[in-house]
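Asks:
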Amino acid sequence: MDELLRKAQYECIICCDMIRVHDRTWNCNNCFNVFHLKCTQQWARKSSVDPNEASASQEKKKNQQIQEWRCPTCQSVHRNFPHHYYCFCDPETSNYRVPHSCGETCSKNLELFNIKVENEEYFECKHRCTLMCHPGKCPPCSVKVERICSCRKTKVILL
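Per the UniProt record's numbering, the very first residue in the sequence shown carries number 1; after that it's consecutive.
Now the structure itself:
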């Protein structure tokens, strides 16, 4: 995804135009797709979900605050209207290296990206992503933790 954004070859799924290096963008924190901010704002207005009134008129939607809206690709519900342009790791930015990156360390909590295996003991991860602000998912935590079995005879190394 980095390379496609650098070469302006990444397509906004809403308008089908390429996202240029200096375009303001928004990215979904669930599916990590990137869209033009303006397209996302229009999408949010048109597809807002008002739990109290499903058939709100367009005029009402313009005047009232948007309750909830869904991502165009994964349909995850977002509660905040995308008012501002942010880099991938969320601080607002104006200067960047990779398009739409602030160039700082990502620092997202890796707990969200770790693979949880069913029927295995899970240890909470407090580590943060050490990559430069980037598009897409963060890699799972690669820190190895040594745990001693309850029998006190076996040591287990966990990722």
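Glycine included, C-beta positions come from ideal geometry on N, C-alpha and C.
Should C149 be labelled buried (16 or more other beta-carbon atoms within 10 Å of its own) or exposed?
Replies: Looking at its Cβ environment, which holds fewer than 16 other Cβ atoms inside 10 Å, C149 is exposed.
Asks: From this set, K137, K153, C129 and P72, which residue's C-alpha is nearest V143's C-alpha?
Replies: Residue C129 is the option with its Cα nearest to V143.
Asks: Could you tell me the distance, in whole angstroms, from the CA atom of K46 to the CA atom of K7?
Replies: Each residue's Cα considered, the two are about 30 Å apart.
Asks: One question on the structure: do C39 and C12 come within less than 8 Å of each other, judged by their Cβ atoms?
Replies: Yes. Within cutoff.
Asks: Per DSSP, N19 forms a beta bridge with which residues?
Replies: Going by the sequence as given, residue 19 is Ile instead of Asn. Per DSSP, none; premise fails for I19.
Asks: For E3, which of P135, S76 and C28 has the nearest alpha-carbon?
Replies: For E3, the nearest C-alpha among the options comes from P135.
Asks: Within the continuous alpha helix (DSSP H) that includes T40, where are the two ends?
Replies: Looking at the DSSP string, the run of the alpha helix (DSSP H) that includes T40 is L37 to K46.
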